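So the sequence shown is numbered by my numbering: it starts at 2 and just counts up by one.
Think of the CB as a built atom: it goes at the ideal place given N, C-alpha and C, for glycine as much as any other residue.
No experiment lies behind these values; they were computed from the predicted model shown.
Reviewing the structure listed below.
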Amino acid sequence: MATHAGKIVSLFVIMGIMWSFLNKLGSFAKGGPEYGSQEWYKVTGRDPRWVAVDEWTFAKTHNEGSTPSNEILERIYKHQEESRLPDISVSPSQGKYIQLQAKLVNAQHILEVGTLGAYSTIFLAGTSPTTRVTTIESVPLHVKVARENIEMAGLGERIEVIHGKGIEVLPALLKDIQQGRREKFDFVFIDADKLNNLAYFDYAANMARPGACIIVDNVVRRGAIIDLKLINTDETVIKVRELITKVGADPRVDSTVLQMVGDKNYDGMLIAVVGR
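Here is the structure:
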């Protein structure tokens with residue numbers, strides 16, 4: 002009997018070793034260290050405290066009555082992963098943050114530039130039961146996955162996904178607003194290609210109602226915007242600095258930059274309010 006039990010224990014030990022090996026093998030196959038390992042934290046530059054605080058606080062503040070439900074969030078995130086979309090969507094805490102900002106301005110009409118898999122889109126649609134979101138995405142696979150996630154969340158009637166480049170779609174949206182075919186936007190979230198951020202912001206300011214909020218993601222870039230080695234050589238850093246400088250001087254809006262740390266490392270958002 003003891004020998005039999007010993008064999009069972011040995012079998013479980015071997016299985017555990019094999020499982021650990023397969024996890025690591027899968028991680029290396031993907032070109033990076035295992036998620037949550039010390040090497041992962043080192044390579045990504047993330048502080049394990051940031052991740053732990055994000056996970057704990059989101060679990061405490063996004064509860065049973067919150068929208069979208071945790072079940073939906075898990076399902077759409079899993080679908081993004083299985084579809085091999087890049088892991089560049091907002092974190093759960095950031096998604097909840099932009100949703101709360103949209104609630105503060107009672108947003109009924111929201112514009113998003115950069116859909117990816119619609120993770121942030123679905124958070125924004127949760128602003129209220131009557132909120133409508135127009136979101137723009139240029140990559141065909143992202144559009145496909147986004148539409149599937151939106152249907153999975155039961156939001157097909159309130160989210161419009163436009164397939165196209167933001168720089169080409171936005172002029173048509175502006176014309177629709179000018180000709181009365183669309184309402185002005187109450188809230189705009191820009192999370193797309195960084196080189197066109199200033200153009201996106203300019204269109205957003207022209208399409209937003211007085212008092213509307215405009216947020217541009219990824220403007221701190223781990224502090225690269227003040228790195229003397231990058232401010233004159235890195236095209237993305239140059240464009241982000243130009244965005245912050247010109248928005249700061251734009252008489253149409255009042256703005257600030259908020260630094261953030263968490264599951265998505267160290268970055269930040271530009272937040273602007275359109276003048277009344």
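Q: List in chain order: all unbroken beta strand (DSSP E) runs of 3+ residues lying wholly within the stretch 124-180.
A: List check, beta strand (DSSP E) in window: 133-138, 160-164.
Q | Touching by the beta-carbon criterion (3+ pairs, under 8 Å), the stretch 213-227 and the stretch 55-74 | A | Counting Cβ pairs under 8 Å, fewer than three are found: no touch.
Q.
Quick check on DSSP: helix, strand or coil for residue 227?
A. In the structure shown, residue 227 falls within a helical segment according to DSSP collapsed to helix, strand and coil.
Q. If we ignore side chains and look at the alpha-carbon of each, how far apart do residue 108 and residue 85 end up?
A. Cα to Cα, the separation comes out at about 32 Å.
Q: Using the Cα positions of residue 220 and residue 271, report the straight-line distance between them to the nearest angstrom.
A: Distance between the alpha carbons of residue 220 and residue 271: 7 Å.
Q: Just tell me which of 133, 206, 193 has its CA closest to the CA of residue 252.
A: For residue 252, the closest alpha carbon among the candidates 133, 206, 193 is that of 206.
Q. Secondary structure at residue 110, three-state DSSP: helix, strand or coil?
A. Strand, per DSSP.
Q.
Taking only three categories from DSSP, how would you classify residue 206?
A. Correct three-state label for residue 206: helix.
Q. Which residues share a DSSP beta bridge with residue 218?
A. Per DSSP, the beta bridge partners of residue 218 are 270.
Q.
Using a Cβ-Cβ cutoff of less than 7 Å, which residues in the same chain neighbour residue 257 once the five nearest sequence positions on both sides are dropped?
A. Counting only Cβ-Cβ distances below 7 Å, and skipping sequence neighbours, we find 272.
Q | Check whether residue 186 and residue 110 have beta carbons under 7 Å apart | A | Yes, the Cβ-Cβ distance between residue 186 and residue 110 is below 7 Å.
Q: State whether the stretch 147-157 contacts the stretch 177-186, with contact taken as three or more CB pairs (one from each stretch) at a distance under 8 Å.
A: With a cut-off of 8 Å, the stretch 177-186 and the stretch 147-157 do not count as touching, because too few Cβ pairs lie within range.
Q: Would you grab the beta carbon distance between residue 134 and residue 209 for me? Rounded to a whole angstrom, and I think it's under 8 Å.
A: At roughly 14 Å, the Cβ-Cβ gap does not stay under 8 Å, so residue 134 and residue 209 are not in contact.
Q) Are the stretch 122-133 and the stretch 98-106 in contact at 8 Å, needing three or more beta carbon pairs? A) Two segments are said to touch when three or more pairs of C-beta atoms, one from each, lie closer than 8 Å; by this definition the stretch 122-133 touches the stretch 98-106.
Q) What are the partner residues of residue 100, as DSSP defines its beta bridges? A) Beta bridge pairing from DSSP links residue 100 with no other residue.
Q | Paired residues, beta bridge with residue 259 - DSSP | A | Checking the DSSP bridge columns, you'll see residue 259 partnered with 270.
Q: Mind checking who residue 232 pairs with in its DSSP beta bridge?
A: DSSP output for residue 232 lists no bridge partner at all.
Q) Do you know whose CA, among 215, 239, 204, lies nearest residue 1's CA? A) No answer is possible for residue 1: the residues shown for the chain start at 2 and end at 277.
Q.
Among the candidates 218, 113, 261, whose CA atom is the shortest distance from the CA of residue 161?
A. For the set 218, 113, 261, the Cα lying nearest the Cα of residue 161 is the one of 113.
Q | residue 213, DSSP secondary structure in three states | A | Looking at residue 213 - three-state DSSP - the assignment turns out to be strand.
(Q) I'd like the span of the alpha helix (DSSP H) that includes residue 77, first residue to last. (A) For residue 77, the uninterrupted alpha helix (DSSP H) segment begins and ends at 71-83.
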